[in-house]
Amino acid sequence: MDFCIRHRVPVFKQVRLLSVVAVAFLLGACLDIPDTPEPKNTVSHVTVYAVQKGDNDSASLKIHPESSATLKATIYPKGLEDDLDFAWYRDSLLGTGATFRIPAYAEEDSIPNRIVVKDGEGNSVSVDFNVTVNSPPAFTEDFSPMQGDTLYGSTRTSFTFCWKAYDSEDATLDYILELDSTHYHVGALEKIQQSGLQPGAHIFRVIVKDSESDTDTMPLVKFYVIDTLEAKK
Amino acid sequence: MKKRLLGKNTPFILVAVLTIALSLCGCSDSDQYLYDDEDSVVLQIHAEMATSYEIDSVRVREDTVSSKDTLVFIGEISPSRQAHYREYYWTLDGKDFSNDMNFRKPVVKPGYHEICFVVMDYYGDSLRDTLQLWVTNPPIIEPQGFIPAVGSQGLSPKEGISFAWHGYDPDSISKVYYRLEIREPKGLAYTYDLHRELYTSSNPILDTLIETPYFTYWDNPKSYHRLENLKFYTWEVRAVNEFGLESDSLIQGAFFTKGNRNEGGIQAFIRFSNESLYDRYYSSYNGRIRLDILDSLSNPVTERELGLDSNQTVVSPLKPGRYKLIASLPKLTDFNPDTVDVVVLPREIAIADTLRLSDTIPPSSRILTPEGLLFDADTLDFGDTLRFYFEDHGGDLRQDVFWNGQDLRGFDYRNTVYNSDHTADTVFITLPKSYKSWTHQLLTINAYDYSGNLNSKTYVIKPSLKMPEPETSSSSTNSSSSTGGNDE
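Line order of the protein sequences matches chains A and B. Residues 1 to 233 (the numbering used here) make up the first sequence, in order. Residues 1001 to 1488 (the numbering used here) make up the second sequence, in order.
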């Protein structure tokens, strides 16, 4: 009976009713103010960098062996460090905490190459890295001309310039010779002959760079040229 | 009313509409839209690139170019009727490059690139043809700031001679090689603006390809070509990358090798009064340059002969002291010898002032009779053949002939006979009969020697035709004739 009654309700009236209900639902949905979102405590990435002798280059993982260094882990987003656990590994666990101290002349096995960051819910992020231990090149005292030397010759005379640097890792080094205001790219040469020096005072020094772009600069050498050959004419 | 219709008649209406629709479908020619293998067309595409649209431009599918180059990309679709494809486009490394079939465009980013020609058909299928392109810039080599500096003295092959320069790949994508050559030059070449540069025609003493922008030459006693003591050498470096692109600039240097404690040398340069002389002396009949070296007391120390294709030499070893250099051309007596003084220092090669051999004597010209007699004259009879004799002792001669100021270059009626010792020319000029005239004519001959000294002579050719006889057929003419007769 009820069915018959409902069946007699005009179609357009049913449609209008349904429309009203639908609009009401839609408005209701619009009025449903969302809850305040929970802060997202997901660590998106971890960065490791080395700090040594105040060198705070956040992109560098290169250290010199002769002094201690500290590895630092930074996470993004920031501010979650206190809620996280840091573990430094090289095959086995070497240490914990957001920083790791590498002593001077540390063995390779004692330098971590992986960090694992964990939260209280068991989530973890692991990052592999490689710390480069590089000794910078260094000049010896074996160079010529020496400070205050006097060279005899004309502008056509080829004067010899030599120097020596050592580096425990690199067999060949790259040198730039600075003679007065001119820079000469001399590659791996450690002895050259150059002419064109006018009588008077001159300066020379050499800059050395190894394969890790570590450099050393020789002290500035001042020397003198006297044109005795011209006087003989 | 509507409600009733919808309610009761709707099924009937729907059935009717469906029936009509099915009938119409039966009448349509829908079979033509079915796939028929025989009617299908196989699309083919082809992509190429070239440096220009010219027909003779080489078209390639892979190439290495400079970022400065502009390339032409050419797409072809076969069959070409657009009914068979919907669209086409080009991509560069997967990104839009062009929507034209053919177009000109540079690819400036250094590195490897894939340029793809894509054609889509109406079924949504795509055809692709890919070109491969390496873009690179030529390596850079700094033409300054190299070692050893130009003119360096005292470099010892036994102690090692180090060369260093600055070269690199501007894109840092390709390996750079350096070609180092060491030669012993024969002389200097002068460009049109008189800037001199050392040249050599000899084989290189060293010709090597190295990967580093530095090199040390060590003397090797087993080597056939070696650097010797107290000599002058040139060296040259070019950079080339692994794609074969060569640097725009190069390094050119020169150095002297070391001598013993009590030895030195002299480098002498010889120039002529006309630099073109040097270029044109390609044959040996003009002799050689003689270089005499005298000591401070004018005693001969040594002498040397140089070919005319060489204008630079090093004389060594010489004891330190004062010397006098005399350069002469014994077979070209018009050239005045030149003398310079020079001081030789131990272990060095002294660079002497340039010796200049100058010829200021112009060629002489005379008239030659058929009997072989020479005489001077300014006026000549018109003859079938006129003979002129030119003499000079400063190299080969050339003559320019003018008839009444008109250049007779390439004139067929001229013949030149050279003396065996190349000191004189006999020029025969056969004048055509059409040159005959009842007035005086001018024949000018300009004779030049190798130094450009000029002898210009103009001869007066006497009238070779008689004045035309006046006509006497009419009275009026007679009257004129009588007037003319009065003139005579």
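Even for Gly, the Cβ is constructed at its ideal location relative to N, Cα and C. As the structure is a prediction and not an experimental result, all values here were calculated from the model.
Exercise. Determine, using beta carbons only, whether A/Ile207 comes closer than 8 Å to chain B.
Key: Here the question's residue 207 of chain A lines up with position 207 in the first sequence. No, A/Ile207 lies away from the interface with chain B (no Cβ there is under 8 Å from its Cβ).
Exercise. Measuring only between beta-carbons, confirm whether B/Ile1115 sits less than 8 Å from chain A.
Key: For the purposes of this step, residue 1115 of chain B is taken as residue 115 along the second sequence, with counting starting at 1. So, not an interface residue.
Practice problem: Mind listing the chain B neighbours of A/Gln198? Cutoff is C-beta to C-beta under 7 Å, in chain order. | Solution: Within the first sequence, residue 198 of chain A is the residue found at index 198, counting from 1. Here the premise fails: no neighbours, minimum Cβ distance about 12 Å.
Quiz item: Would the beta-carbon of B/Ile983 fall within 8 Å of that of B/Ser1316?
Solution: No statement about residue 983 of chain B is possible, as the shown extent of chain B runs from 1001 to 1488 and does not include it.
Quiz item: What's the gap between the Cα of A/Ala171 and the Cα of A/Pro137?
Solution: Within the first sequence, numbered from 1, the residue matching residue 171 of chain A stands at position 171. Within the first sequence, numbered from 1, the residue matching residue 137 of chain A stands at position 137. Those two C-alpha atoms are separated by around 11 Å.
Quiz item: Looking only at C-alpha atoms, which of B/Gly1111, B/Asp1096, B/Lys1222 and B/Ser1437 sits nearest to B/Val1065?
Solution: In the second sequence, counting from the first residue as 1, residue 1065 of chain B sits at position 65. For B/Val1065, the nearest C-alpha among the options comes from B/Gly1111.
Quiz prompt | the stretch 1422-1435 of chain B contacting the stretch 1391-1399 of chain B, beta-carbon criterion three pairs below 8 Å | solution = yes
Quiz item: Do B/Ile1266 and B/Tyr1323 have their C-beta atoms closer together than 8 Å?
Solution: For the purposes of this step, residue 1266 of chain B is taken as residue 266 along the second sequence, with counting starting at 1. For the purposes of this step, residue 1323 of chain B is taken as residue 323 along the second sequence, with counting starting at 1. Yes, Cβ-Cβ distance for B/Ile1266 and B/Tyr1323 is below 8 Å.
Quiz item: In whole angstroms, what is the alpha-carbon distance linking B/Phe1404 and B/Asn1455?
Solution: Taking the second sequence and counting its residues from 1, the one referred to as residue 1404 of chain B is at position 404. Taking the second sequence and counting its residues from 1, the one referred to as residue 1455 of chain B is at position 455. Correcting the residue type first, residue 1404 of chain B is Asn in the shown sequence and not Phe. One C-alpha to the other measures close to 18 Å.
Quiz item: Tell me, which residues are paired with A/Tyr49 by DSSP?
Solution: Taking the first sequence and counting its residues from 1, one reaches residue 49 of chain A at position 49. DSSP output for A/Tyr49 lists A/Lys72 as bridge partner(s).
Self-check item: Straight-line Cα distance separating B/Asp1309 from B/Arg1288
Solution: Position 288 of the second sequence, counted from the start, is the residue given in the question as residue 1288 of chain B. Position 309 of the second sequence, counted from the start, is the residue given in the question as residue 1309 of chain B. Going by the C-alpha atoms only, they are around 9 Å apart.
Quiz item: Would you say A/His202 reaches chain B, if we count a Cβ-Cβ gap shorter than 8 Å as a contact?
Solution: On the first sequence, residue 202 of chain A is found 202 positions in, with the first residue counted as 1. A/His202 does not count as touching chain B.
Quiz item: Once you ignore the five residues that flank B/Arg1280 on each side, which residues in its own chain have a CB closer than 6 Å to its CB?
Solution: In the second sequence, counting from the first residue as 1, residue 1280 of chain B sits at position 280. The pLDDT assigned to B/Arg1280 is 48, lower than 50, so where the model puts this residue is not dependable; a value taken from the coordinates is nonetheless given after this. Hits under 6 Å: none found.
Practice problem: Verify whether the separation of the beta carbon atoms of A/Asp142 and A/Lys164 is less than 8 Å. | Solution: Locating residue 142 of chain A in the first sequence gives position 142, counting from the first residue. Locating residue 164 of chain A in the first sequence gives position 164, counting from the first residue. Yes, the Cβ-Cβ distance between A/Asp142 and A/Lys164 is below 8 Å.
Self-check item: Residue-level contact to chain A via CB, B/Ser1249, 8 Å cutoff
Solution: Position 249 of the second sequence, counted from the start, is the residue given in the question as residue 1249 of chain B. Closer than 8 Å: no.
Quiz prompt | Supposed close pair A/Leu80, A/Ala87 - CB separation, criterion 8 Å | solution = Locating residue 80 of chain A in the first sequence gives position 80, counting from the first residue. Locating residue 87 of chain A in the first sequence gives position 87, counting from the first residue. That pair is no contact at about 16 Å.
Practice problem: Grab me the residues of A/Ala246's own chain with a C-beta within less than 6 Å of its C-beta, minus the 5 sequence neighbours each way, in chain order. | Solution: Shown here, chain A extends from 1 to 233; a query on residue 246 of chain A therefore has no answer.
Exercise. Give every residue of the same chain whose Cβ lies closer than 6 Å to the Cβ of B/Asp1273, excluding the five residues on either side of it in the sequence, and list them in chain order.
Key: Within the second sequence, numbered from 1, the residue matching residue 1273 of chain B stands at position 273. For clarity, residue 1273 of chain B is Ser in the given sequence; the question names Asp instead. Once the five neighbours on either side are set aside, the close Cβ partners of B/Ser1273 are Ser1358, Asp1359 and Ser1451.
Quiz item: Between B/Leu1005 and the rest of its own chain, which residues show a CB-CB distance below 6 Å, the 5 nearest in sequence each way excluded?
Solution: Residue mapping note: residue 1005 of chain B aligns to position 5 of the second sequence, counting from 1. Confidence at B/Leu1005 is low in this model, with a pLDDT of 44, below 50, so the placement of that residue is unreliable and no value is reported for it.
Exercise. Give the single residue among A/Thr157, A/Gln193 and A/Ser158 whose Cα lies nearest to the Cα of B/Arg1162.
Key: As a working mapping, residue 1162 of chain B is identified with position 162 in the second sequence. Strictly speaking, residue 1162 of chain B in this sequence is Ser, with Arg absent from that position. Measuring from the Cα of B/Ser1162, the nearest candidate turns out to be A/Gln193.
Quiz prompt | B/Thr959 in three-state terms, based on DSSP | solution = What is shown of chain B runs 1001 to 1488, which leaves residue 959 of chain B out entirely.
Self-check item: Residue burial classification, B/Asn1099 (beta-carbon count within 10 angstroms, cutoff 16)
Solution: Counted from its first residue, the second sequence places residue 1099 of chain B at position 99. When all chains shown are included, B/Asn1099 counts as exposed.
Quiz prompt | Alpha-carbon to alpha-carbon, B/Lys1105 and A/Thr42 | solution = Looking up residue 42 of chain A in the first sequence gives position 42. Looking up residue 1105 of chain B in the second sequence gives position 105. So the alpha carbons of these two residues sit roughly 48 Å apart.
Quiz prompt | Length at least 3, wholly inside the stretch 1055-1082 of chain B: the beta strand (DSSP E) runs in chain order | solution = 1062-1065 and 1070-1078
Quiz item: Per DSSP, what kind of secondary structure is B/Leu1014 in: helix, strand or coil?
Solution: Counting from 1 along the second sequence, the entry for residue 1014 of chain B is found at position 14. Residue state, collapsed to three classes: helix.
Quiz item: Taking all protein chains shown into account, do 16 or more other C-beta atoms lie within 10 angstroms of the C-beta of B/Met1467, making it buried, or fewer, making it exposed?
Solution: As a working mapping, residue 1467 of chain B is identified with position 467 in the second sequence. It counts as exposed.
Quiz item: How would you list, in chain order, the residues of chain B whose beta-carbon sits under 7 Å from the beta-carbon of A/Tyr184?
Solution: Residue numbering aside, residue 184 of chain A sits at position 184 when the first sequence is read from its first letter. What A/Tyr184 touches in chain B, judged by beta-carbon distance under 7 Å, is Gly1145, Ile1147 and Ala1164, going in chain order.
Practice problem: Return the first residue and the last residue of the beta strand (DSSP E) that B/Asp1359 is part of. | Solution: Taking the first residue of the second sequence as position 1, residue 1359 of chain B is located at position 359. Segment Leu1355 to Asp1359, the beta strand (DSSP E) holding B/Asp1359.
Quiz item: Listing by chain order, which chain B residues have their CB less than 8 Å from the CB of A/Leu173?
Solution: The residue labelled residue 173 of chain A in the question sits at position 173 within the first sequence. By Cβ distance, chain B contributes nothing, its closest Cβ being about 12 Å from A/Leu173, past 8 Å.
Self-check item: Check whether B/Leu1345 and B/Phe1255 have beta carbons under 8 Å apart
Solution: For this step, residue 1345 of chain B is matched to residue 345 along the second sequence. For this step, residue 1255 of chain B is matched to residue 255 along the second sequence. Here B/Leu1345 is not near B/Phe1255, since their CB atoms are 8 Å or more apart.
Quiz item: Under 8 Å between the Cβ atoms of B/Tyr1168 and B/Ile1147?
Solution: Within the second sequence, numbered from 1, the residue matching residue 1168 of chain B stands at position 168. Within the second sequence, numbered from 1, the residue matching residue 1147 of chain B stands at position 147. Taking 8 Å as the cut-off, the beta carbon of B/Tyr1168 is found no closer than this to the beta carbon of B/Ile1147.
Quiz item: From B/Asp1248 to B/Ser1223, what does the alpha carbon distance come to, in whole angstroms?
Solution: Reading the second sequence from its first residue, position 248 is the one you call residue 1248 of chain B. Reading the second sequence from its first residue, position 223 is the one you call residue 1223 of chain B. Roughly 32 Å separates the two Cα atoms.
Exercise. In the DSSP assignment, find the unbroken beta strand (DSSP E) run with B/Arg1387 in it and report its ends.
Key: Reading the second sequence from its first residue, position 387 is the one you call residue 1387 of chain B. Segment Thr1385 to Glu1391, the beta strand (DSSP E) holding B/Arg1387.
Practice problem: Verify whether the separation of the beta carbon atoms of A/Val206 and A/Thr215 is less than 8 Å. | Solution: Here residue 206 of chain A refers to the residue found at position 206 when the first sequence is read from its first residue. Here residue 215 of chain A refers to the residue found at position 215 when the first sequence is read from its first residue. Not a contact, by the Cβ cut-off of 8 Å.
Quiz prompt | Nearest to B/Asn1286 (by Cα), restricted to the options B/Leu1071, B/Ile1293, B/Leu1306 and B/Pro1185 | solution = By one-based count along the second sequence, residue 1286 of chain B stands at place 286. For B/Asn1286, the nearest C-alpha among the options comes from B/Leu1306.
Quiz item: Quick one: Cα of B/Ser1298 to Cα of B/Asp1449, how far?
Solution: Within the second sequence, the letter at position 298 stands for residue 1298 of chain B. Within the second sequence, the letter at position 449 stands for residue 1449 of chain B. Their backbone Cα atoms lie some 33 Å apart in a straight line.
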